[in-house]
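Here the structure is laid out as structure tokens; the discussion comes afterwards.
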Amino acid sequence: MVNDNSQQSGISLNELSSQMMITAYTGFNDKYSPMDKQTGDWVKHNFKGTMIRVNRGGTDLEIPVDQLQEGDSLLKVFGFPANLEKLVKVSNGLIKELEKRGFTEFEVKKIKQRTPEQQEKRKQSVRKAEDLVQKVKESVEIRDKASKAVENLMDSGRQGKTNTSEILGFVDSIVSSSSAEAITAISSLKESDQTYAHCIDVGAIFQVVYLKAIEKLGVKSVFKDEQEILLSSFLHDFGKAKVPKEILDSTVRFERDSKEMQLMQNHPVYGAEMLTAMNMPSHIVDMAHYHHIKLDTSMASSYPKGVNFEDISLEARMIAIIDIYQALVGKRSYKKSWAPPAAIRFIDSLAGVEYDLDIWNEFMQIMGRYPKGSAVELNEGSQGFVISVPEKDLDRPQVVVVRNAKGENLEHHELIDLEYEEDVSITKELDNYETFGDNVIEFFTSLQVI
Ligand SMILES: [Fe+2]
Ligand SMILES: [Fe+2]
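In our numbering, the protein residues as written are 7 to 456.
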């Protein structure tokens, strides 16, 4: 039963039921107006962390409970912190206690009754969220090490050597430990460098999106196995091995016609040449060659020139989208990173102009409008991480709440499924670092989902 107008006020003691949650105490017996010192101290102690409304010398004030003074008349207690759950969850024990203490009237919220199927689905969702948290924990290190392997490969490529054995080792371990989904979530949570971790994040996202998209589109994979899918995307920027490291790691943005920019813009051609020389299959070569081609090839940001968009493979079109998405979300040294939902909205506005619209739509269905790991604020003021991609309404994913509306970190983190909680919605996306500081990964991996 879903009741989206569930807030009720003026509820008396004998109207309380276990299907209600108290949101405020609003009626009190005589000893609370005015309060003597003993009563005031008792209120301060037992309602620690709440807000109160009092009448003080004829004026109504809303203040934190610890500012209560002797002589105040209590009008309302509200804003209960999570650790006072026992004072808001209605039970027979609580009703008796309320009566004894002289609390007579309340504002309540009806608790929605879940059907057995909904309860089962919720259990599964909690389990899935726990699995993702665990997998992210396990995958942070592999992502870092794989990024280092990409750097080593590019460094050796700069000296004319191309030994792929180290990177192939990571390809194998990511596939065998099924870490691509977790690395995709890490890419939402954590910044990347602009060259190496970028390749790993692009690779993980590509693997996740490609496999799901071709299944939906009923298209056959051009790759011989999952390992090759990852390898192809890890190598999309391999041509950067021909670009001097000072340019790659530069913290300044180069002028459009500068020598540095020309070198950078040659990386797709360099990559295609090197991968061809390494006898890589043509679909891998093409992804490196064409991942910067725009639907409108006349744009300055579309290179190399002289290519028709119609001739470009689905794989190259898809990696072009994932490449720009990761570039926005991963932090560049010369710009701030974008929150994943903002990056999604931005590319959505360019789809059909710069990017293949059909492939973009598949990408968005799979990643969601709020990719897993995005930090968001809910309409009730609490903050949390998106933990799922909804099947129906992309604006209503599952969110694990980590902070209450007062900005306090919670001990246990409730999973809220916006598909069912009709009165809760996402009001804004948050910057992970501004919101959770540099330890955002530690924050995420210590979630206790309930
Ligand atoms: Fe590139
Ligand atoms: Fe790239």
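Glycine included, C-beta positions come from ideal geometry on N, C-alpha and C.
> What number of angstroms, rounded off, separates the C-alpha of residue 140 from the C-alpha of residue 133?
Replying inline: Counted from its first residue, the sequence shown places residue 140 at position 134. Counted from its first residue, the sequence shown places residue 133 at position 127. Roughly 11 angstroms between the two C-alpha positions.
> Helix, strand or coil for residue 447 per DSSP?
Replying inline: For the purposes of this step, residue 447 is identified with residue 441 of the sequence shown, where counting begins at 1. The answer is helix: DSSP assigns residue 447 an H, G or I state.
> Thinking just about the alpha-carbon of each residue, which of 368, 378, 405, 209 is nearest to the one in residue 385?
Replying inline: As a first step, residue 385 is located in the sequence shown; it is residue number 379 there, counting from the start. With distances taken between Cα atoms, residue 385 lies closest to 405.
>> Considering only heavy atoms of ligand 1, does any lie closer than 7 angstroms to the CB of residue 295?
In response: On the sequence shown, position 289 is the one that residue 295 refers to. No, the Cβ of residue 295 stays beyond 7 angstroms of every heavy atom of ligand 1.
> Can you find a heavy atom of ligand 2 that lies under 7 angstroms from the Cβ of residue 66?
Replying inline: Stepping through the sequence shown from its first residue, residue 66 is reached at position 60. False, no ligand heavy atom lies under 7 angstroms from that Cβ.
> Heavy atom of ligand 2 less than 7 angstroms from the Cβ of residue 242, yes or no?
Replying inline: Your numbering for residue 242 matches position 236 in the sequence shown. Indeed, a heavy atom of ligand 2 lies less than 7 angstroms from the Cβ.
> Rounded to whole angstroms, how far is the Cβ of residue 50 from the Cβ of residue 71, which I believe are closer than 8 angstroms?
Replying inline: On the sequence shown, position 44 is the one that residue 50 refers to. On the sequence shown, position 65 is the one that residue 71 refers to. Between residue 71 and residue 50 the Cβ distance is about 6 angstroms, and since that is below 8 angstroms, they are a contact.
>> So if DSSP puts residue 65 in a beta bridge, which residue, or which two residues, is it bridged to?
In response: For the purposes of this step, residue 65 is taken as residue 59 along the sequence shown, with counting starting at 1. Residue 65 pairs with 62.
> Among residues of its own chain, excluding the 5 on either side of residue 396, which ones have a beta-carbon nearer than 8 angstroms to its beta-carbon?
Replying inline: The count along the sequence shown starts at 1 and reaches residue 396 at position 390. Once the five neighbours on either side are set aside, the close Cβ partners of residue 396 are 374, 402, 403, 404, 424, 425.
>> Please tell me whether residue 23 and residue 96 are closer than 8 angstroms, where the distance is taken between their beta carbons.
In response: Taking the sequence shown and counting its residues from 1, one reaches residue 23 at position 17. Taking the sequence shown and counting its residues from 1, one reaches residue 96 at position 90. A contact, by the Cβ cut-off of 8 angstroms.
>> For residue 381, list the residues DSSP reports as bridge partners.
In response: The residue you call residue 381 lines up with position 375 of the sequence shown. According to DSSP, which records beta bridges pairwise, residue 381 is partnered with 391, 436.
> Between residue 274 and residue 389, what straight-line distance do the alpha-carbon atoms span, to the nearest angstrom?
Replying inline: In the sequence shown, counting from the first residue as 1, residue 274 sits at position 268. In the sequence shown, counting from the first residue as 1, residue 389 sits at position 383. Distance between the alpha carbons of residue 274 and residue 389: 41 angstroms.
> Just reading off the alpha helix (DSSP H) that residue 14 is part of, what are its end residues?
Replying inline: Here residue 14 is taken as the residue at index 8 of the sequence shown, counted from 1. Where residue 14 is concerned, there is no enclosing alpha helix (DSSP H), although the beta strand (DSSP E) it sits in stretches over 13 to 18.
> Which of the three DSSP states, helix, strand or coil, is assigned to residue 9?
Replying inline: Within the sequence shown, residue 9 is the residue found at index 3, counting from 1. Low local confidence applies: a pLDDT of 40 at residue 9 is under 50, so the model's placement there is unreliable, with the coordinate-based value given in what follows. Coil, per DSSP.
>> Considering only their Cβ atoms, is the gap separating residue 301 from residue 359 smaller than 8 angstroms?
In response: Numbered from its first residue, the sequence shown carries residue 359 at position 353. Numbered from its first residue, the sequence shown carries residue 301 at position 295. Closer than 8 angstroms, so yes.
> Which residues share a DSSP beta bridge with residue 114?
Replying inline: In the sequence shown, counting from the first residue as 1, residue 114 sits at position 108. Its beta-bridge partners are 14, 28.
> Under 7 angstroms from any heavy atom of ligand 1, does the C-beta of residue 199 make it?
Replying inline: In the sequence shown, the residue the question calls residue 199 occupies position 193. The answer is no for residue 199.
> Going straight from the alpha carbon of residue 213 to that of residue 66, what length do you get?
Replying inline: Numbered from 1 along the sequence shown, position 207 holds the residue referred to as residue 213. Numbered from 1 along the sequence shown, position 60 holds the residue referred to as residue 66. C-alpha separation (whole angstroms): 60 angstroms.
> From residue 91 to residue 415, what distance separates their C-alpha atoms?
Replying inline: Here residue 91 is taken as the residue at index 85 of the sequence shown, counted from 1. Here residue 415 is taken as the residue at index 409 of the sequence shown, counted from 1. Between residue 91 and residue 415, the C-alpha separation is close to 15 angstroms.
> Between 270, 119, 244, which lies nearest to residue 167 when the distance is taken from Cα to Cα?
Replying inline: Within the sequence shown, the letter at position 161 stands for residue 167. Cα-wise, what sits closest to residue 167 is 244.
> Which whole-angstrom value is the C-beta distance of residue 381 and residue 334, which I expect to be below 8 angstroms?
Replying inline: Start at 1 with the first residue of the sequence shown, and residue 381 comes out as number 375. Start at 1 with the first residue of the sequence shown, and residue 334 comes out as number 328. So it is not a contact: roughly 16 angstroms between Cβ atoms.
> In this structure, does DSSP put residue 152 in helix, strand or coil?
Replying inline: Start at 1 with the first residue of the sequence shown, and residue 152 comes out as number 146. Helix.
> Thinking C-beta only, is residue 208 closer than 8 angstroms to residue 318?
Replying inline: To locate residue 318, count along the sequence shown from 1; it is residue 312. To locate residue 208, count along the sequence shown from 1; it is residue 202. No, the Cβ-Cβ distance between residue 318 and residue 208 is not below 8 angstroms.
> What separation, rounded to the nearest whole angstrom, lies between the Cα atoms of residue 99 and residue 62?
Replying inline: By one-based count along the sequence shown, residue 99 stands at place 93. By one-based count along the sequence shown, residue 62 stands at place 56. Those two C-alpha atoms are separated by around 32 angstroms.
> Hey, which unbroken runs of the alpha helix (DSSP H) at 4 residues or more fall wholly within the segment 123 to 151?
Replying inline: none
> Three or more beta-carbon pairs under 8 angstroms between the segment 14 to 23 and the segment 35 to 55, yes or no?
Replying inline: no
>> Going by DSSP, what residue range makes up the beta strand (DSSP E) through residue 251?
In response: Within the sequence shown, the letter at position 245 stands for residue 251. That residue, residue 251, is in no beta strand (DSSP E); its alpha helix (DSSP H) goes 251 to 254.
>> Just list the residues that DSSP pairs residue 33 with in beta bridges.
In response: Your numbering for residue 33 matches position 27 in the sequence shown. Paired residues: 111.
>> For residue 114, count the other beta carbons within 10 Å of its own beta carbon; 16 or more makes it buried, fewer makes it exposed. Which is it?
In response: As a first step, residue 114 must be located in the sequence shown, where it is residue number 108. Buried, since its Cβ has 16 or more Cβ neighbours within 10 Å.
> Nearest to residue 165 by CA position, among 336, 306, 181, 249, is which residue?
Replying inline: Translated into positions along the sequence shown, residue 165 becomes position 159. Taking only the C-alpha atoms, the option nearest residue 165 is 249.
> Nearest CA to the CA of residue 367: which residue from 75, 328, 337, 226?
Replying inline: Along the sequence shown, read from residue 1 onward, the residue named residue 367 stands at position 361. It is 328 whose Cα lies nearest to the Cα of residue 367.
> Does any heavy atom of ligand 1 sit closer than 7 angstroms to the C-beta of residue 329?
Replying inline: Mapped onto the sequence shown, residue 329 falls at position 323. Answer for residue 329: yes, Cβ within range of ligand 1.
> Could you give the distance in angstroms between the alpha-carbon of residue 399 and the alpha-carbon of residue 179?
Replying inline: The sequence position of residue 399 within the sequence shown is 393, counting from 1. The sequence position of residue 179 within the sequence shown is 173, counting from 1. Going from the Cα of residue 399 to the Cα of residue 179 covers about 34 angstroms.
> Can residue 456 and residue 420 be called in contact, C-beta distance under 8 angstroms?
Replying inline: Within the sequence shown, residue 456 is the residue found at index 450, counting from 1. Within the sequence shown, residue 420 is the residue found at index 414, counting from 1. It is a contact, given that the beta carbons lie within the stated cut-off.
> What is the DSSP secondary structure of residue 299, reduced to helix, strand or coil?
Replying inline: In the sequence shown, the residue the question calls residue 299 occupies position 293. Looking at residue 299 - three-state DSSP - the assignment turns out to be coil, as it is neither helix nor strand.
> From which residue to which residue does the beta strand (DSSP E) around residue 462 run?
Replying inline: Residue coverage of the chain in this structure runs from 7 to 456, which leaves residue 462 outside it and unanswerable.
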